[in-house]
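**Student:**
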Amino acid sequence: MMSNLVTLATMIFATSTGVSAKAHDRHNARIEPSYSFALLDRNLTLLGQQQANLTEGKASSRAIAGRSMKRTTASIERTALRLQSYYKRRHEQFGVRTFRLLQVRAAAVRRSVNSFEVAHSARTREDQLIALNTHMLALVTQFQAASGGYSALRCGPNEWTCCSPKRKQDLRTGQSLACRWMCVSKSRACTGFRGPRVPPL
Numbered sequence: 204m205m206s207n208l209v210t211l212a213t214m215i216f217a218t219s220t221g222v223s224a225k226a227h228d229r230h231n232a233r234i235e236p237s238y239s240f241a242l243l244d245r246n247l248t249l250l251g252q253q254q255a256n257l258t259e260g261k262a263s264s265r266a267i268a269g270r271s272m273k274r275t276t277a278s279i280e281r282t283a284l285r286l287q288s289y290y291k292r293r294h295e296q297f298g299v300r301t302f303r304l305l306q307v308r309a310a311a312v313r314r315s316v317n318s319f320e321v322a323h324s325a326r327t328r329e330d331q332l333i334a335l336n337t338h339m340l341a342l343v344t345q346f347q348a349a350s351g352g353y354s355a356l357r358c359g360p361n362e363w364t365c366c367s368p369k370r371k372q373d374l375r376t377g378q379s380l381a382c383r384w385m386c387v388s389k390s391r392a393c394t395g396f397r398g399p400r401v402p403p404l
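Read in the working numbering, the sequence shown has 228 at position 25, and its numbers run on one by one without any break.
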């Protein structure tokens, strides 16, 4: 049963958005949300790999894997918090809400890892692993909801990249807040939160 759950987690992370850090050169490294999306994608992939180690080996090996997962989720939480602050300064509340939700879901994963670590029986560990998979799926789903379609945008000179909030009827299962990434000619036309503006020719 546990091996099937780990396989599920691996599949979840294998279908991540694929926003690669390698796609951004040093000049664009701190453009938001490009930089943070790449960082989050990398950490989510790492988190999936670390979870696979939770059920392997002795208790000491599980403890090492658990500590690694908690460090990774803490990094995800810090990134989400930084994005909240970034969009709060820009008075773009949809961005604040979107990344607050991501932070909350990362914290839920971290708490699930804690519960798994203190489980004393195989049955309890199995139950906690099911809960952990549920929280990890929710975290990845929210990341995909925020970032999906961003890397495919091809905006023209002077256009803004824009996360337009999806309507409730357009949300996929597990999504609470989601972006439809588009290009807009004026910043005030963006009703969600803005990404970078393409420089003029």
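Built from N, CA and C at the ideal position, the CB exists for glycine as well.
Using the beta-carbon count (16 or more within 10 Å), is residue 294 buried or exposed?
**Tutor:** Residue numbering aside, residue 294 sits at position 91 when the sequence shown is read from its first letter. That one is exposed.
**Student:** Which residue or residues does DSSP assign as beta-bridge partners of residue 172?
**Tutor:** With the chain covering 204 to 404 only, the question about residue 172 has no answer from this structure.
**Student:** Just the C-alpha distance for residue 288 and residue 308, rounded to the nearest angstrom, thanks.
**Tutor:** In the sequence shown, the residue the question calls residue 288 occupies position 85. In the sequence shown, the residue the question calls residue 308 occupies position 105. Near 17 angstroms, if we compare the C-alpha coordinates of residue 308 and residue 288.
**Student:** Restricting to Cα atoms, I'd like to know which of 393, 313 and 372 is closest to residue 362.
**Tutor:** Here residue 362 is taken as the residue at index 159 of the sequence shown, counted from 1. Cα-wise, what sits closest to residue 362 is 393.
**Student:** Answer with buried or exposed for residue 269, where buried requires no fewer than 16 other C-beta atoms within 10 angstroms of its C-beta.
**Tutor:** Working through the sequence shown from its first residue, we reach residue 269 at position 66. Residue 269 is buried by the Cβ-count criterion.
**Student:** Would DSSP call residue 233 helix, strand or coil?
**Tutor:** Counting from one through the sequence shown, the residue named residue 233 turns up at place 30. The answer is coil: DSSP assigns residue 233 none of H, G, I, E or B.
**Student:** Determine the closest residue to residue 257 out of 396, 370, 350 and 318, with distance taken between C-alpha atoms.
**Tutor:** Here residue 257 refers to the residue found at position 54 when the sequence shown is read from its first residue. If we check each option's Cα against that of residue 257, 318 comes out closest.
**Student:** Tell me whether residue 357 sits in a helix, a strand or coil according to DSSP, three-state version.
**Tutor:** Mapped onto the sequence shown, residue 357 falls at position 154. Coil.
**Student:** Should the region 243-254 be regarded as contacting the region 368-384, the criterion being three or more beta carbon pairs within less than 8 angstroms?
**Tutor:** The region 243-254 is not in contact with the region 368-384.
**Student:** The alpha helix (DSSP H) with residue 400 in it runs from where to where?
**Tutor:** The sequence position of residue 400 within the sequence shown is 197, counting from 1. No alpha helix (DSSP H) contains residue 400, which is instead part of the beta strand (DSSP E) from 396-400.
**Student:** Which first and last residues belong to the alpha helix (DSSP H) in which residue 338 is found?
**Tutor:** Position 135 of the sequence shown, counted from the first residue, corresponds to residue 338. From DSSP, the alpha helix (DSSP H) with residue 338 extends over 325-350.
**Student:** Would you give the residue range spanned by the alpha helix (DSSP H) that residue 256 belongs to?
**Tutor:** Numbered from 1 along the sequence shown, position 53 holds the residue referred to as residue 256. Run containing residue 256: none; DSSP gives neither H nor E here.
**Student:** List the residues that DSSP assigns as beta-bridge partners of residue 382.
**Tutor:** If you number the sequence shown from 1, residue 382 lands on position 179. DSSP, once it has assigned bridges, lists 368 as partnering residue 382.
**Student:** Where does residue 247 fall in DSSP's three states?
**Tutor:** The residue labelled residue 247 in the question sits at position 44 within the sequence shown. Here residue 247 sits in helix by DSSP.
**Student:** Does the region 352-369 come close enough to the region 330-342 to have 3 or more Cβ pairs within less than 8 angstroms?
**Tutor:** The region 352-369 vs the region 330-342: no contact.
**Student:** Look at residue 316 and residue 335 and say whether their C-beta atoms are less than 8 angstroms apart.
**Tutor:** Along the sequence shown, one-based indexing puts residue 316 at 113. Along the sequence shown, one-based indexing puts residue 335 at 132. Cβ distance < 8 angstroms, so residue 316 and residue 335 count as in contact.
**Student:** Do residue 302 and residue 395 come within 8 angstroms of each other at the CB atom, strictly closer than that value?
**Tutor:** Along the sequence shown, one-based indexing puts residue 395 at 192. Along the sequence shown, one-based indexing puts residue 302 at 99. Their beta carbons are not under 8 angstroms apart, which means residue 395 does not touch residue 302 by this criterion.
**Student:** In this structure, how does DSSP classify residue 295 when only helix, strand and coil are distinguished?
**Tutor:** Numbered from its first residue, the sequence shown carries residue 295 at position 92. If DSSP states are grouped into helix, strand and coil, residue 295 belongs with coil.
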